[in-house]
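Residues in the sequence shown are numbered from 3 upward in steps of one, following my numbering.
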Amino acid sequence: MLPLPSSRPTLSHLALAISAAGLLTLPLLATSASAEEQQPAWAQGRSAELAESPLAPHATPLTVTAPDDIPIDDLRMPDGFNAEIWAHGMSGARMMALGDEGTVFVGTRGIGRVYAVTDNGDERQHVIVAEGLTQPNGVAFKDGSLYVAAINRILRYDDIEAALANGEVPEPEELTEAFGLPDDQHHGWKFLAFGPDDRLYIPVGAPCNGCEVDPDTHASIHSFAADGSDMRVEAHGVRNSVGFDFHPETGELWFTDNNQDWVGEHGPNDELNRLSESGANFGFPYCHGLGVIDPALGDASSCDGVDLPAATFDPHSAPLGMRFYTGEMFPEEYRNAIFIARRGSWNRSLSAGYDVQVAKIAENGERAGLSPFMVGFLDASENTFSGRPVDVLQMPDGALLVSDEQNGAIYRISYTTPDYVE
């Protein structure tokens, strides 16, 4: 260990009408300015009628979970798939990025750390690359350099794998001013990914639960040259995306988006979106899900011209990290499908999420169908959970890594053809 350095989704028109009706019959979300100021960020938009609601975010443990306490045996997947604990002891592990030499870099939120996990073939070891940062969720790797995005900083660690091999952590290059991103805390945690155009894509969430924003600054996905220059807004009306990837054949950007809280337990649905054209509008804050008009800010024309989701998830289930699968290990049916980690709900009475879903793209390339892939963290009978998947990462051998923020662990999902398959 190194020393610590300082086709359209299958949702019927009837279901959509019920969802919309349920939203529109709820009380409007207006509260006094003074009351809003006194509320924590997650309570913004909570009506007076819901002031005593017990719903609140679940705290993430910042301590190490012992391997024997990690619920690996509870996980269930299709026949032939197997899950094992690949690495553990990284409190708050969230987004992952793979280095050229096989290092897995892991971002966090509340604990403020970035980890590097190395694999010697028999076991995995991790070191802390950075700590004391403000929610350094975003990590990306390009040309030997690790990029880290905290809420208020963008850092680049050059030749980091070579340094780690020598028992060192390089001093980072400060790129914060070059990127010039806002540093709002609410939905301010970032996700990073390099596109096939070699540009760095970064979402900027809405600094609120539901409010009007500058569409060129917030609730958008931006791209930059790697040095922070030449900013472009690629997508508007994106409330809070914390995961995206690029289609391996078309290069199109697909992304998850978490929809608004306190509008109702049964809506609006969270989203999987496809960006077909740079600058497209995905509706926030006026239009949600599959064309649900916001009861407070929307009007009859709010969903006109909006790109509707390629698929929708359970409301408030928190779909986050996602990757297209291009490996050879899994069966052919998974080729170019998207694996999506759902961290799980806090803002609905009956919990949803806490799993990994798989999205298979329709033949027209525009819509997707969702199905469960890895389940077992959520005990529906007790309405409790034992893990919170946040990100997925394909490894060179075709195995899939899944990060679990709740347990500070990373699971390796592999596949072996079942004996009964000829």
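For each residue, glycine too, the CB sits at the ideal point set by N, CA and C.
I believe Gly212 touches Pro287 by the beta-carbon criterion, under 8 Å. Please report the beta-carbon distance rounded to the nearest angstrom. Indeed they touch by this definition, with Cβ atoms about 5 Å apart.
Runs of 3 residues minimum, wholly inside the segment 155-202: which ones carry the beta strand (DSSP E) assignment? Segments of the beta strand (DSSP E) lying fully in the segment 155-202: 156-159.
What's the C-alpha gap between Pro172 and Asp145? So the two alpha carbons sit approximately 15 Å from each other.
For Ala45, which of helix, strand or coil comes out of DSSP? In the structure shown, Ala45 sits in a helix (DSSP, three-state: H, G or I).
Would you mind sorting Ala411 into buried or exposed? The rule is 16 or more other CB atoms within 10 Å of its CB. Classification for Ala411: buried.
Please classify Thr105 as buried or exposed, where buried requires at least 16 neighbouring CB atoms within 10 angstroms. Classification of Thr105: buried, given that the 10 Å Cβ count is 16 or more.
So which of Leu292, Asp199, Gln359 and Pro63 has the shortest CA-CA distance to Val404? The option with the nearest alpha carbon to Val404 is Gln359.
Cβ of Lys362 within 9 Å of Cβ of Glu330? Not a contact, by the Cβ cut-off of 9 Å.
Contact check, Thr258 vs Leu277, beta carbons under 9 Å: No. Outside cutoff.
What's the call for Ala354, buried or exposed, on a 16-neighbour Cβ count within 10 Å? So Ala354 ends up on the buried side.
Nearest candidate by alpha-carbon position, reference Gly112, set Gly101, Val119, Gly123 and Met92: Minimum Cα-Cα distance from Gly112 among the listed residues Gly101, Val119, Gly123 and Met92 corresponds to Met92.
Please report the distance separating the alpha-carbon of Ala58 from that of Asn409. Whole-angstrom Cα-Cα distance: 20 Å.
Would Gly134 be called buried (16 or more neighbouring beta carbons within 10 Å of its own) or exposed? Exposure of Gly134 is indicated by the presence of fewer than 16 other C-beta atoms within 10 angstroms of its C-beta.
What separation, rounded to the nearest whole angstrom, lies between the Cα atoms of Ala32 and Leu352? Bear in mind that the predicted position of Ala32 carries a pLDDT of just 39, short of 50, making it unreliable; the figure below should be weighed with that in mind. Cα to Cα, Ala32 sits roughly 25 Å from Leu352.
Taking all protein chains shown into account, decide if His318 is buried (16 or more other Cβ within 10 angstroms of its Cβ) or exposed. Looking at its Cβ environment, which holds 16 or more other Cβ atoms inside 10 Å, His318 is buried.
Taking 6 Å as the limit between beta carbons, can you name the residues of its chain near Pro205, skipping five residues before and five after? Around Pro205: Phe193, Ile223 and Ser243.
Could you check if Leu372 is buried or exposed, using at least 16 other CB atoms within 10 Å of its CB as the buried criterion? By the neighbour-count rule (16 or more Cβ atoms within 10 Å), Leu372 is buried.
Report back the beta-carbon spacing between Arg369 and Ala313 to the nearest angstrom; my notes put them in contact at under 8 Å. The C-beta distance from Arg369 to Ala313 rounds to 7 Å, short enough to fall under 8 Å.
May I have the straight-line CA-CA distance separating Met97 from Met324, to the nearest angstrom? So the two alpha carbons sit approximately 10 Å from each other.
Of the residues Met397, Leu255, Phe379 and Thr67, the one placed nearest Arg345, counting alpha carbons only: Of Met397, Leu255, Phe379 and Thr67, the smallest CA-CA separation from Arg345 is found for Phe379.
If we count the other Cβ atoms within 10 Å of its Cβ and call it buried at 16 or more, is Gly281 buried or exposed? Looking at its Cβ environment, which holds fewer than 16 other Cβ atoms inside 10 Å, Gly281 is exposed.
In its own chain, which residues sit with a C-beta less than 7 Å from the C-beta of Ala237, not counting the 5 before and 5 after it? Once the five neighbours on either side are set aside, the close Cβ partners of Ala237 are Ser222, Ile223, Leu277, Ala282 and Phe284.
Can you look up Ala339 in the DSSP assignment and give me helix, strand or coil? DSSP places Ala339 in coil when its eight states are reduced to three.
Find the nearest neighbour of Thr62 within the set Ile87, Gly114, Asp70 and Glu176, judged by alpha-carbon distance. Per the C-alpha coordinates, the member of Ile87, Gly114, Asp70 and Glu176 positioned closest to Thr62 is Gly114.
In terms of alpha-carbon separation, which member of Ala152, Glu125, Pro42 and Ile72 lies closest to Ala132? Ranked by Cα distance from Ala132, the first of Ala152, Glu125, Pro42 and Ile72 is Ala152.
Please state whether DSSP places Asp70 in a helix, a strand or coil. Three-state DSSP puts Asp70 in a helix.
If you follow the beta strand (DSSP E) that Arg276 is in, where does it begin and where does it stop? DSSP places Arg276 inside the beta strand (DSSP E), whose first and last residues are Glu273 to Leu277.
Would you kindly work out how many angstroms separate the C-alpha atoms of Met233 and Asn271, rounded to a whole number? So the alpha carbons of these two residues sit roughly 30 Å apart.
Beta-carbon spacing of Gln262, Asp309 below 9 Å: If you check the CB distance, Gln262 and Asp309 do not come in under 9 Å.
Go through its chain and collect everything with a Cβ distance to Thr219's Cβ below 8 Å, but skip five positions before and after it. These residues qualify, in order along the chain: Pro184 and Val206.
Expressed to the nearest angstrom, what Euclidean distance is found between the alpha-carbon atoms of Pro73 and Trp348? Each residue's Cα considered, the two are about 20 Å apart.
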